[in-house]
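Working notes, structure below.
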Amino acid sequence: MLSHMERVSRVRTMLRQVSPGDDLDSLPIPPPDQVGDLQPMSTAGDHRPGAVPQFGYNDALEGIRKLKEQRDDQVSPSELFGVEAIVLAHDRPAVFVRAGTYDQLGGVWSQLDTMEMRNRINPLLGSIGRIELPNMYTVPYGGTGFLVGPGLLMTNRHVARLFAEGLGVEGLLYRPGDALVDFACQIDSDPAQASYLMVERVLMIHPYWDMALVQVSGLPPNYQPLTLSVRAPEDLVNRDMVAVGYPARDDRNDLVLQDRIFAGVYNVKRLQPGKIRRRTRVRSFENEVNAMVHDSSTLGGNSGSALIDVSTGHIVGLHFAGEYLKANYAVPSYELARDARVVAAGVQFDGRIAVTDQWQPAWHFADGRGGRRMYEGTQVPVQTVQPAARETGDAGALQIPINLRITVDVNGTPQVGLGATPEERPMARPGIKPARARGRMSMRELTEMMRNPSVSETALRPYFVGDPTLAKPFAPGIIPNPELVDIAPPRDIVEGAMAMSWANGLSRMRRQAAFQARIAAGDRKPVLVSEGDSWFQFPVLLSDVIDGLTGDYNVWSVDAAGDTLQNMVFDGAEYMQALRRNAGNVKAFLFSGGGNDIVGEDGRGKSVVTQIVKRFQAGQPVSWYLDTPAVEQKLRFVEDCYRRVLDNVAREFPNLPVVCHGYDYAVPGGGPGETRHPSWAAVDKWLGRPMREELGIEDPALQRAIVHELIDRLNLVLQRLCGASYPSGLFRNAWHVDVRGTVGARWADELHPTDDGFASVSGLFGNALRKALRSPDESVAPDMREEVRTPNIGDDAGEQAPGTGQELAPLSSSYIDSARPWRLAKAITALREEVNRQAPNRSKLSDGTIGDAAHRSRDSDHNPWIEDGSTGVVSAIDITHDAAGGCSAETLAQSLQSGRDGRIKYVIWNRRIMSSYAHNGTAPWVWRSYSGSNPHTKHVHISLNSEKSDYDSTAPWRIAV
5 MLSHMERVSR VRTMLRQVSP GDDLDSLPIP PPDQVGDLQP MSTAGDHRPG
55 AVPQFGYNDA LEGIRKLKEQ RDDQVSPSEL FGVEAIVLAH DRPAVFVRAG
105 TYDQLGGVWS QLDTMEMRNR INPLLGSIGR IELPNMYTVP YGGTGFLVGP
155 GLLMTNRHVA RLFAEGLGVE GLLYRPGDAL VDFACQIDSD PAQASYLMVE
205 RVLMIHPYWD MALVQVSGLP PNYQPLTLSV RAPEDLVNRD MVAVGYPARD
255 DRNDLVLQDR IFAGVYNVKR LQPGKIRRRT RVRSFENEVN AMVHDSSTLG
305 GNSGSALIDV STGHIVGLHF AGEYLKANYA VPSYELARDA RVVAAGVQFD
355 GRIAVTDQWQ PAWHFADGRG GRRMYEGTQV PVQTVQPAAR ETGDAGALQI
405 PINLRITVDV NGTPQVGLGA TPEERPMARP GIKPARARGR MSMRELTEMM
455 RNPSVSETAL RPYFVGDPTL AKPFAPGIIP NPELVDIAPP RDIVEGAMAM
505 SWANGLSRMR RQAAFQARIA AGDRKPVLVS EGDSWFQFPV LLSDVIDGLT
555 GDYNVWSVDA AGDTLQNMVF DGAEYMQALR RNAGNVKAFL FSGGGNDIVG
605 EDGRGKSVVT QIVKRFQAGQ PVSWYLDTPA VEQKLRFVED CYRRVLDNVA
655 REFPNLPVVC HGYDYAVPGG GPGETRHPSW AAVDKWLGRP MREELGIEDP
705 ALQRAIVHEL IDRLNLVLQR LCGASYPSGL FRNAWHVDVR GTVGARWADE
755 LHPTDDGFAS VSGLFGNALR KALRSPDESV APDMREEVRT PNIGDDAGEQ
805 APGTGQELAP LSSSYIDSAR PWRLAKAITA LREEVNRQAP NRSKLSDGTI
855 GDAAHRSRDS DHNPWIEDGS TGVVSAIDIT HDAAGGCSAE TLAQSLQSGR
905 DGRIKYVIWN RRIMSSYAHN GTAPWVWRSY SGSNPHTKHV HISLNSEKSD
955 YDSTAPWRIA V
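If you want the working numbering, it's the position in the sequence shown, counting the first as 1, plus 4.
The following block contains the structure:
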């Protein structure tokens with residue numbers, strides 16, 4: 005979220021761009037009759053900072069005048085809003101496409117209204133379509149795509165990842181029917197008459213550029229491919245262009261301004277004129293690309309839009325991203341014409357130019373993931389890693405060919421080869437002596453140690469060091485120790501990244517080698533497959549969750565530090581191949597992902613937290629900081645990813661348990677008394693420093709509370725999906741391991757537990773696996789699977805009935821997560837059934853019974869502290885407030901008060917509490933103030949007395965909802 009002054013600065017730059025003379029003095033100001041409903045107002049707008057802009061034409065003129073006079077600090081919010089509304093709506097409009105043409109532009113774009121221009125542009129419009137996602141529940145559509153060859157549609161890689169998995173050209177996973185294309189979704193089209201064409205195959209997901217190619221079936225003859233230009237972007241600077249696509253309302257930017265420019269109508273085809281600007285380097289996925297820049301008014305749904313040179317009618321770029329009031333970025337068609345694979349795929353260009361091998365490292369990476377060489381035309385040798393072992397004739401013998409040679413072309417300088425074959429001589433840097441001359445281990449020797457599964461992680465640790473400059477969230481910066489290993493420190497971030505990739509790759513190989521060795525030796529421990537981030541694979545320097553499970557299970561690991569959900573689920577998905585490889589033997593699938601997506605970095609290396617959390621404002625509650633569209637969007641994406649994984653696994657392995665987690669409460673670093681000093685990252689790199697410096701949130705307690713709430717919301721997403729743990733979960737074989745409150749103070753850095761902390765988390769995974777792998781009749785505690793852990797953190801904190809202090813002692817995690825059974829009080833079950841009978845369509849989002857890890861650490865009736873023989877009893881329930889769905893918590897609470905049912909101990913609702921006993925001078929059944937950390941505004945909490953005659957009474961509840 006931009007500050008006011010950041011926004012003023014960007015508006016100034018934008019005004020200079022659209023001015024004919026590249027200065028504000030030459031900026032054309034449209035008269036009032038050309039700015040729609042932005043008319044002079046009788047009174048000035050509200051100029052208070054933070055107020056909703058109320059502006060008029062005079063506000064805009066005054067704002068422009070102040071900017072011309074260099075009085076940026078005096079521009080009010082309403083004046084700034086008026087300037088943006090005038091300039092963007094007039095100079096960078098977005099008009100509807102309808103009836104085979106586009107609406108009149110007028111003003112500075114009147115030349116596009118001529119018949120000559122329309123005859124050039126109109127025939128292109130029908131070949132640009134909207135990509136639909138019929139099986140993705142929380143995304144209305146994916147983006148834009150356009151025809152570039154016979155049956156060939158081009159879109160963005162980040163759009164394709166919504167319905168396909170993989171990278172490169174082979175091994176791509178796509179289920180026909182997951183994506184459709186609507187070429188006629190316009191303002192004048194009838195949705196009831198919509199005609200969708202199916203995406204039959206995904207042909208290419210480019211490993212360097214944000215581009216993908218898919219095959220579309222059933223195209224009528226009038227849908228003709230568009231022609232891509234081979235002209236270099238440098239030759240097109242300042243040329244007029246139009247973007248054609250489907251802009252969607254973008255919650256990340258000013259919604260009022262968007263509604264002004266787009267007239268509140270989104271998701272339909274529009275034409276958006278602008279100019280081509282000078283190229284710039286931007287982050288795109290794991291690459292820094294030299295992107296084309298343009299300045300048309302685009303929004304989120306424009307991803308995949310065609311950029312058309314209006315002078316030729318040829319496509320000059322594929323829009324893929326934008327920064328509000330700054331620039332929009334596109335893949336240059338010129339660069340695609342230089343890639344032999346793209347040309348060979350059948351993309352239609354207006355000529356041929358020399359191809360390049362500039363992106364060969366990215367293609368080699370994609371080829372390696374596929375396990376074999378995918379393109380035979382390359383002249384650069386490809387060496388692949390063989391992940392699977394091969395048995396020799398000797399029983400128990402194991403041969404694992406690992407031949408890693410990392411070649412990075414930086415300014416044409418040859419780099420050190422790692423793991424070279426005997427025939428190859430490693431290239432050394434000038435002035436570097438051979439390893440033996442300096443008494444250090446060679447890279448070959450270190451590689452051999454890594455390949456040997458009998459060498460422990462502890463023995464390897466001295467040969468690796470942290471490098472904080474290379475660290476990313478959930479991807480610690482780890483390289484070979486130059487003091488002990490013959491390798492020079494990385495000279496730049498590219499070499500560092502390759503060294504980290506080497507450590508990641510060999511860590512995976514070690515695990516897979518150990519797996520193969522145990523299987524070959526006849527080990528009969530249960531087989532698991534794991535896919536995850538650095539909680540599942542932290543190379544060498546920490547013992548992670550999977551390390552803690554290897555004593556009891558054989559785990560085939562495809563984990564990688566730094567993996568995001570985007571990569572695990574869409575770009576470089578490997579989990580299904582890993583499951584198929586172990587089909588018939590695998591007993592469960594472990595999945596860890598999402599942390600990097602909500603507290604990591606974006607493609608530009610910018611903290612995600614600073615983009616989704618509100619800036620500091622005194623007196624605001626913790627939830628206020630996270631009640632943003634960006635947080636909601638991130639959590640929707642996480643949910644979509646988990647849905648896709650769970651659905652894919654359930655379709656092919658219908659009875660296989662999937663076990664996942666939502667992380668623990670991370671502790672932002674850098675505050676008073678900080679004791680952590682990780683070698684692989686700055687202690688406050690990802691949370692503490694960004695929150696302090698960019699959001700102004702300096703209080704460590706507030707920082708921790710915000711992260712606490714964010715982790716709770718992430719876990720709630722998983723609770724909605726995991727039907728093996730909660731009856732309302734959507735997937736019956738999905739298990740949620742609730743690790744919140746487990747690590748405590750045992751954090752090695754802001755995001756990763758210590759060895760001891762990871763061991764505790766591994767213990768919870770072990771408990772969950774033992775339950776998941778039991779047959780139903782072996783379960784000694786069926787209720788542990790059937791009840792929803794309450795998602796309401798801080799629920800019923802601080803209330804204690806007279807005489808129950810000793811009985812309400814906090815429970816250890818081993819009590820709830822051990823095999824000791826617990827059950828729900830029968831009176832609670834009867835109450836819930838009556839509520840459901842009266843409100844069958846109510847939301848259950850905040851429903852809950854059994855306490856989670858946070859409840860276990862304190863007094864709570866959500867804990868099964870009551871003992872009925874050898875079984876614990878939970879005597880509390882949370883009921884969601886959903887007045888629209890027929891269940892008003894206010895009505896329910898008042899009916900419980902008037903009914904005075906003797907089974908009730910107390911009720912909490914909307915910052916008030918009522919108990920059946922007198923409390924500090926307050927009479928029974930009288931509401932008093934409640935000051936617990938959870939205000940209970942989203943649910944009502946009901947606790948019952950601890951006598952069996954009360955909590956197990958099934959007498960009717962006389963309630964109203």
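Yeah, the Cβ is synthetic: ideal placement off N, Cα and C, and Gly gets one too.
Of the residues the options, the one placed nearest residue i, counting alpha carbons only
i: Asp872; options: Ala183, Leu639, Tyr955; result: Tyr955
i: Leu223; options: Asp186, Val944, Phe762; result: Asp186
i: Glu327; options: Val765, Ser307, Glu754; result: Ser307
i: Ile968; options: Asp343, Ile191, Gln21, Tyr467; result: Because the chain here runs from 5 to 965, residue 968 falls outside it and cannot be looked at.
i: Leu129; options: Asp95, Leu84, Ile312; result: Ile312
i: Glu951; options: Leu450, Asp527, Val877; result: Val877
i: Leu109; options: Arg102, Gln621, Gly890, Pro97; result: Pro97
i: Thr853; options: Ser732, Gln707, Ser892; result: Ser732
i: Leu217; options: Val203, Asp299, Pro928; result: Val203
i: Glu894; options: Ile963, Ile832, Thr833, Ser947; result: Ile963
i: Arg448; options: Val489, Val87, Asp753; result: Val489
i: Arg283; options: Asn291, Met296, Phe289; result: Met296
i: Gln901; options: Pro868, Ile870, Val944, Asn938; result: Val944
i: Val635; options: Asp651, Pro625, Asp601, Val653; result: Asp601
i: Asn589; options: Pro625, Pro661, Leu546; result: Pro661
i: Arg99; options: Ser301, Leu177, Leu156; result: The displayed chain sequence assigns Val, not Arg, to residue 99. Comparing Cα-Cα distances from Val99 to each of Ser301, Leu177, Leu156, the minimum goes to Ser301.
i: Leu966; options: Ala776, Met245, Leu166, Phe266; result: For the chain, the structure presents residues 5 to 965; residue 966 sits outside this window and is missing.
i: Ser874; options: Arg827, Gly181, Asp214; result: Arg827
i: Ser957; options: Ser920, Ser899, Pro939, Leu835; result: Leu835
Straight-line Cα distance separating residue j from residue i
i: Gln723; j: Gly604; result: 22 Å
i: Gly555; j: Ala670; result: 27 Å
i: Lys942; j: Leu137; result: 32 Å
i: Thr17; j: Lys330; result: 8 Å
i: Gly374; j: Ala344; result: Here the model assigns Gly374 a pLDDT of 39, short of 50, so the residue's position is not dependable and the matter cannot be decided.
i: Arg774; j: Val663; result: 11 Å
i: Tyr579; j: Pro658; result: 15 Å
i: Ser953; j: Trp931; result: 26 Å
i: Pro195; j: Asn332; result: 30 Å
i: Tyr557; j: Arg778; result: 15 Å
i: Ser80; j: Lys70; result: 10 Å
i: Thr262; j: Thr614; result: Looking at the sequence itself, residue 262 is Gln, so the reference to Thr does not match. Each residue's Cα considered, the two are about 22 Å apart.
i: Lys972; j: Cys189; result: What is shown of the chain runs 5 to 965, which leaves residue 972 out entirely.
i: Leu948; j: Ile550; result: 41 Å
i: Lys830; j: Ile881; result: 12 Å
i: Ala897; j: Trp913; result: 7 Å
Residue(s) in a DSSP beta bridge with residue i
i: Asn558; result: Val531
i: Ala880; result: Ser947
i: Lys279; result: Asp244
i: Phe540; result: According to DSSP, Phe540 bridges with nothing at all.
i: His323; result: Ala334
i: Tyr106; result: Val101
(request) Examine the Cβ distances between the stretch 228-241 and the stretch 206-215 and report whether three or more of them are shorter than 8 Å. (result) Not touching, per the Cβ criterion.
(message) In chain order, what are the residue ranges of uninterrupted beta strand (DSSP E) at least 3 long that sit wholly in the stretch 865-933?
(response) Counting whole runs of 3 or more residues, the stretch 865-933 contains the beta strand (DSSP E) stretches 870-872, 875-878, 880-884, 908-913, 916-919.
(message) With three or more C-beta pairs closer than 8 Å as the rule, is the stretch 534-549 touching the stretch 567-585?
(response) Flag = yes, the stretch 567-585 and the stretch 534-549 touch.
(message) Ignoring anything shorter than 4 residues, give me the alpha helix (DSSP H) runs that lie fully in the stretch 147-198, in order along the chain.
(response) As far as the stretch 147-198 is concerned, its whole alpha helix (DSSP H) runs of at least 4 residues are 161-164.
(message) Quick check: the stretch 167-180 against the stretch 151-158, are at least 3 beta-carbon pairs closer than 8 Å?
(response) Judged by Cβ distances under 8 Å, the stretch 151-158 makes no contact with the stretch 167-180, as fewer than three pairs qualify.
(request) Flag this pair as touching only if the stretch 112-129 and the stretch 285-304 have three or more C-beta atom pairs under 8 Å; answer yes or no. (result) When Cβ pairs closer than 8 Å are counted between the two stretches, the stretch 112-129 is seen not to touch the stretch 285-304, the count staying below three.
(message) Closer than 8 Å is the cut-off here; do at least three beta carbon pairs connect the stretch 587-606 with the stretch 562-569?
(response) At 8 Å Cβ cutoff, the stretches touch.
(message) Which complete alpha helix (DSSP H) runs does the stretch 622-662 hold, if anything under 4 residues is left out?
(response) Listed in chain order, the alpha helix (DSSP H) runs fully inside the stretch 622-662 are 626-630, 633-656, counting runs of at least 4 residues.
(message) Quick test of the definition: if touching needs 3 or more C-beta pairs under 8 Å, does the stretch 610-624 touch the stretch 680-697?
(response) When C-beta atoms of the stretch 610-624 are compared with those of the stretch 680-697, three or more pairs fall below 8 Å, so the two segments count as touching.
(message) Tell me whether the stretch 745-756 and the stretch 684-691 touch, counting them as touching only if at least three CB pairs, one residue from each stretch, are closer than 8 Å.
(response) Flag = yes, the stretch 745-756 and the stretch 684-691 touch.
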